[in-house]
Structure formats: structure tokens, C-alpha cells
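The next block holds one structure in the form of C-alpha cells; read it before the comments.
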Ligand code: ATP
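In my numbering, the protein residues as written are 2 to 197.
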């Protein structure tokens with residue numbers, strides 16, 4: 002997957018709509034302390050489905066919405082869109098993934114303009130070997146955390162990198178469907194036995 006553009010509106014310090022075009026190759030973001038470099042990475046992780054406000058340096062998820070300054074009022078919503086090129090069996094496909102949060106009303110996702118569940122966004126990124134917790138997104142303090150990680154956590158990172166993390170979610174879904182079918186079969190057997 003290649004992320005081609007990040008469009009940020011009302012997210013943390015990005016009060017006005019801002020487009021970050023990412024060319025292929027290496028992209029560096031430089032700027033003085035507090036200018037919003039980490040906020041950019043957090044906007045990316047948030048749109049990929051980050052569910053922990055704490056890991057976005059907030060107390061609640063509404064804290065990602067522009068909170069206002071001495072000269073500008075707070076906003077009521079934040080929206081971030083990722084334009085990504087995803088390689089598939091029939092060539093590369095461009096997809097737009099959007100997450101939007103309204104103050105006090107929670108957040109919602111869209112893929113190519115269609116309302117989807119957080120899980121669908123998680124699977125889309127997991128299948129492309131990335132996601133909100135991908136080791137490819139290296140924030141401050143992350144290197145130390147990787148070194149200190151327990152083997153099970155390192156395995157999760159490797160599974161993310163191999164693009165197989167989505168299989169765990171699908172296996173759980175398949176197991177739940179299998180259990181429901183087995184329960185239905187058992188009920189059916191009981192009904193048939195009653196009729197004999
Ligand atoms: P450093 O180099 O020190 O790590 P940085 O460039 O990564 O800094 P960030 O941490 O991304 O900077 O941005 C911090 C700025 O974002 C602070 O000025 C903070 O006030 C602002 N900020 C964070 N959340 C919000 C919010 N909800 N509303 C408005 N501004 C916010």
C-alpha cells in the first residue's frame with residue numbers, strides 16, 4: 002500500500018483543511034517543537050482505526066477535535082481522509098478512507114464514500130500489511146517499546162508486517178458462525194427426535 006495523500010480538517014492543531022501529498026520514496030516532516038509533526042502521524046493512525054484516546058495523547062476521543070485557541074473558537078468535528086493505492090491481483094486500486102468524529106456523537110468511517118464499520122477499515126489495512134499499530138509508523142518512544150516488547154507482542158508485530166493479522170479476525174468470525182450453525186443443528190436434531 003502506498004499512502005498518496007492525507008487530508009486533515011479540524012483534527013488537533015489542523016483547524017483549517019490541510020493536504021499532505023506523499024510522493025513515493027522517503028518523506029520527512031520537519032518543523033519546530035509543537036508545530037504538529039506528531040499530530041500528523043496521529044491523524045494517520047486515527048483514520049486507520051486507532052481506538053485508544055490515550056495513545057493519541059487525549060483523555061477522550063473528542064480531544065482529537067480542534068479545541069480552540071485564544072483567537073479561534075473550537076470546532077465541532079474533525080475529519081481525516083487517506084487516499085491510498087492498494088496493490089491487488091488485478092493491479093493497483095485507489096481507495097479513499099475517511100474517519101469523521103462529531104463532538105459528543107462518536108465517529109464514523111467511509112470507504113470510497115460508503116459507510117462502513119471500524120472493522121472493515123481495520124481489515125482493509127491489515128490485508129495491506131499495515132494499520133494503526135503498524136511498526137512502520139514509528140512515533141516517539143516506539144523504538145524503546147519494540148526492544149522491550151514481550152515475545153507475544155513481537156509476534157503480533159511480525160504478523161502485522163506479513164499482512165496476516167486480518168486472518169485472526171476472520172477466524173473468530175468463522176468460529177462464531179460455526180458455533181451458531183452447530184447450535185441450529187442440535188436444535189434441529191431435537192425437533193426431529195420429538196417427531197419420531
Ligand atoms: P515535538 O517536536 O515537540 O514533538 P510536534 O511538532 O510533534 O512537537 P505536536 O505534538 O504534533 O507537535 O503538536 C502539539 C501542538 O498541537 C500543541 O501546540 C498543542 O496545543 C496542539 N494540539 C493538540 N491537540 C489539540 C487540539 N485538540 N486542539 C488544538 N490544538 C491541539
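Glycine included, every Cβ here is placed at the ideal spot set by N, Cα and C. Computed from a predicted model, the values in this text were never measured in an experiment.
Does the separation of the CB atoms of residue 101 and residue 109 fall below 8 Å?
yes
From the DSSP output, in three-state form, read off residue 9 for me.
strand
Strictly under 8 Å for the Cβ-Cβ distance: is residue 97 near chain D by that measure?
Note that chain D does not occur in the displayed structure, where there is just one protein chain.
Following a CB-centred definition, is residue 78 positioned closer than 7 Å to any heavy atom of the ligand ATP?
no
In whole angstroms, what separates the C-alpha of residue 19 from that of residue 106?
24 Å
Residue from 28, 169, 194, 40 with nearest C-alpha to residue 9:
40
Do you know how far the Cα of residue 16 is from the Cα of residue 114?
23 Å
Residue 39, DSSP secondary structure in three states
helix
With respect to 7 Å, is the separation between the Cβ of residue 35 and the closest non-hydrogen atom of the ligand ATP below this value?
yes
Write down the C-beta distance between residue 83 and residue 98 rounded to the nearest angstrom, noting that I regard them as a contact closer than 8 Å.
5 Å
Could you name the residues of the same chain whose beta carbon sits closer than 6 Å to that of residue 103, not counting the 5 residues immediately before and after it, in chain order?
78
Please work out which residues of its chain come closer than 8 Å, Cβ to Cβ, to residue 2, disregarding the five sequence neighbours upstream and downstream, and give them in chain order.
85, 86, 87, 88, 126, 129, 130, 131
Beta-carbon separation (whole angstroms), residue 5 vs residue 43, contact threshold 8 Å:
Not really, about 19 Å apart at Cβ, beyond 8 Å.
Should residue 122 go down as buried or exposed, given a rule of 16 or more other Cβ atoms within 10 Å for buried?
buried
Between 31, 25, 45, 145, which has its C-alpha nearest residue 7's C-alpha?
45
For residue 56, does the three-state DSSP call read helix, strand or coil?
helix
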